[in-house]
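Numbering (this note's numbering), first residue to last: -14 to 665.
Structure record follows, encoded as structure tokens.
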Ligand code: T1G
């Protein structure tokens, strides 16, 4: 075994040279790896005793992509082009042995080999669009040559990985090896050498990129990308593989890749890639903080939220006891869960057996005592403090010692709830977002007395159930809803100045949100938090509720909805609003789009700055992750705080002052010091 460099070893086993990459944690294709590959290929190529070369990786995965932390820095040493040219120059059969996730530059490196074998659990992807990039190491030219244009388009435009069976079926890999990867690969090489097949450069394979692909490309280009630029560039680069000779196609790819690398959208997405991983780092809770084992979960309330929350744990294989007050409510709640699982199975997301297995982990009860053996109990009852206090006081007497008691409250004070128990150190908030079994965000609300092991347990549990857990402090609405409230107040004001709800939503959708705030209210239900006795027709929302228009669930709210729930501006809402203006003597004015955008985003940013000031979030990028996963903030804009940095905090502060809001002291301080949120 020769150490080519710290991350690259070269050994010879019989007449096979074995290049082993060992660059933890994911064997990223960083400078040392590129240098090591080029050097190892050179040495192996010159060794007369070598008849074939095997590329394999140590650790958890094959090369999982370029080293994202290198991006945005001046290039040094051999780049992706020199590396792939070294592979193309090889005169001996090159075989890649793949396990884990061959992604981005990793899959591109494997495709520079002449053959590829993999274990059945391996995954293959070109996720570059998720970073606002396109494959930049020949992937757009080699992938269609191996897997065909349709599969290549699907992979580069969506960034979604495929499994080994799919890869084999489409010709991306040559064999799935049973058992030990290396042994299987060596056996493949022995058969390859015996067959006399020799080298097979991917660049020379043209069958799958020859033909008429006009229809498939025009369909792919016609998809709504909501202002996100990378997918279209990726599609154009793959199309070049069907129109240009290989080297010209590579040059075309490189031009687009470099442009994307320099783009603001890619900078935002690369920022989010690391931001999402940073949320797990809690300044005063070390990574080695002991955690509690969660073997059984109790849920109080089998409503929409309780049922959805329960599904997260059952899907992760954790048994759940779900408590309701009445049998009818319990049966209904469990029935909804069963329907959800069965419809997912019917859509092929998983098998009917898997659906049944998950559902069988749910046990219904009407007795709170049955939660006595749960390690974690989550309350998901009405959003009223008196009801929650009553539940926690009772739960405190039943939950076993060491059990964690959590509230799914969206707004309320966790410290107040914890105070009615004898163990506030085991109380916190687990704020799921509706639909709880779908939305990835989980706000983990740390009470003043919540212990560090309980915090660490919650953060770890978030990962177990496939959520992005963000630690937040106790404040009305925590982080996401607190900032949403600031936006909603201003939106309601604009409605009372002359804007229709759809005028405001349109601006947010154009900015890149999947839907505007009013459409979101229609989805959640206008009666959420609405109290009939306190409603006097003073606002559009009151009038709509009083007219029974509670949103999608009643077929109409701010918008009218057809059977497919497609929204259209409602003449009923228009009439209610114009009558309200008249009643209040308001002369409606058309509000310019830029003003609507500023009055939608700046209040959120200002509130985010206050949250940071108060220490209710660990860092600005955590706030961006909340908005990405909780509210669909367009990822290619980085999140409200990243966006604020990108347009300049002085611009935001000037807007805050122009519209007469109280500026955050932190925002004023950063502007005075010419700093950004990213500098915190
Ligand atoms: N570069 C640098 N660091 C990376 C990395 C990467 N590509 N991938 C992961 N890490 C770090 C991550 O920050 C974390 O660090 C640790 O590894 C574990 O990651 C030329 C230009 C591979 C599926 O987009 O999807 O190739 O926090 O927590 O959940 O065309 O990481 O421990 O210090 O995510 O098991 C394309 C990105 C790049 C793959 C593993 N490749 N990575 O998931 O662990 S662009 C990607 C992932 C490219 C070419 C283009 C996941 C994973 P720390 P983790 P995981």
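Heads up, the beta-carbon is just placed ideally off N, CA and C, and yes, glycines get one too.
Computed from a predicted model, the values in this text were never measured in an experiment.
Practice problem: Go to residue 288, then tell me how far its beta strand (DSSP E) extends in each direction, as first and last residue. | Solution: Careful: residue 288 lies outside any beta strand (DSSP E) and carries neither H nor E.
Quiz item: Quick one: Cα of residue 668 to Cα of residue 535, how far?
Solution: The structure shown has nothing for residue 668, since the chain only spans -14 to 665.
Exercise. Could you check what DSSP says for residue 305 in three-state terms: helix, strand or coil?
Key: strand
Practice problem: Measure how close the beta-carbons of residue 62 and residue 20 come, nearest whole angstrom, since I'm counting them as under 8 Å. | Solution: 6 Å
Quiz item: Identify the residues that DSSP records as bridge partners of residue 602: which are they?
Solution: 457
Quiz item: Got a sec? Which residues, its chain only, sit under 6 Å from residue 410 by beta carbon, not counting five neighbours each side?
Solution: 434 and 436
Exercise. Using three-state DSSP, classify residue 368 as helix, strand or coil.
Key: coil
Quiz item: From residue 268 to residue 603, what distance separates their C-alpha atoms?
Solution: Taking the straight line from one Cα to the other gives about 7 Å.
Quiz item: Taking the alpha carbon of residue 195 as the point to measure from, which residue in 130, 532, 168 and 627 has its own alpha carbon closest?
Solution: Of the listed residues, the one whose Cα sits closest to residue 195 is 130.
Quiz prompt | Spatial distance of residue 509 from residue 169 (CA atoms) | solution = 53 Å
Practice problem: Sort 77, 203, 23 and 482 by Cα distance to residue 575 and report the nearest one. | Solution: 482
Quiz item: At which residues does the beta strand (DSSP E) containing residue -10 begin and terminate?
Solution: Unbroken beta strand (DSSP E) run through residue -10: -13 to -10.
Exercise. Note the first and the last residue of the continuous alpha helix (DSSP H) segment covering residue 494.
Key: 486 to 496
Quiz item: Quick one: what does DSSP say residue 165 is sitting in, helix, strand or coil?
Solution: Residue 165 carries a coil assignment under DSSP once its states are collapsed to helix, strand and coil.
Quiz prompt | residue 113 burial status per 10 Å Cβ neighbour count (16 or more: buried) | solution = buried
Exercise. Would you identify the three-state DSSP class for residue 424, choosing helix, strand or coil?
Key: coil
Exercise. Tell me where the beta strand (DSSP E) around residue 348 begins and ends.
Key: 347 to 350
Quiz item: Between which two residues does the alpha helix (DSSP H) containing residue 42 stretch?
Solution: Where residue 42 is concerned, there is no enclosing alpha helix (DSSP H), although the beta strand (DSSP E) around it starts and stops at 37 to 42.
Self-check item: Closest by C-alpha distance to residue 70, when choosing among 427, 111 and 27
Solution: 27
Quiz item: On the three-state DSSP scale, how would you describe residue 632?
Solution: helix
Quiz item: Taking one C-beta from the segment 119 to 136 and one from the segment 235 to 251 each time, how about it: are there three or more such pairs within less than 8 Å?
Solution: Verdict: yes, contact present.
Exercise. Can you give me the start and stop residues for the beta strand (DSSP E) that residue -2 sits inside?
Key: -7 to -2
Quiz item: Thinking just about the alpha-carbon of each residue, which of 358, 543, 95 and 39 is nearest to the one in residue 65?
Solution: 95
Exercise. Identify whether residue 109 lies in helix, strand or coil by the three-state DSSP scheme.
Key: Strand.
Quiz item: Should residue 47 be counted as a contact of ligand 1 given a C-beta to heavy atom distance under 7 Å?
Solution: Exclusion of residue 47 from the 7 Å shell around ligand 1 follows from its C-beta lying no nearer than that to any non-hydrogen atom of the ligand.
Exercise. Look up residue 554 in the DSSP assignment and give the residues it is bridged to.
Key: Under the DSSP definition of a beta bridge, residue 554 partners with 544.
Quiz item: At a cut of 8 Å, does the segment 459 to 473 reach the segment 550 to 565 through at least three beta carbon pairs?
Solution: no
Quiz item: CA-CA distance, residue 205 and residue 152?
Solution: 21 Å
Self-check item: For residue 651 and residue 597, believed in contact at Cβ under 8 Å, the rounded distance
Solution: 6 Å
Quiz item: Using the C-alpha atoms, what's the distance from residue 460 back to residue 374?
Solution: 17 Å
Exercise. Check the DSSP bridge columns for residue 693 and list the partner residues they point to.
Key: Nothing in the structure corresponds to residue 693, since the chain is present only between -14 and 665.
Quiz item: If you follow the alpha helix (DSSP H) that residue 403 is part of, which residue opens it and which one closes it?
Solution: 399 to 403
Exercise. Note down, in chain order, each residue of its chain lying with its Cβ closer than 7 Å to the Cβ of residue 578, except the 5 sequence neighbours on either side.
Key: Annotation for residue 578: 492 place their beta carbon closer than 7 Å to its own, counting only its chain and skipping 5 residues before and after.
Practice problem: Out of 174, 163, 164 and 118, point me to the one whose CA is closest to residue 98's CA. | Solution: 174
Quiz item: With 16 as the cutoff for other CB atoms within 10 Å, does residue 110 come out buried or exposed?
Solution: buried
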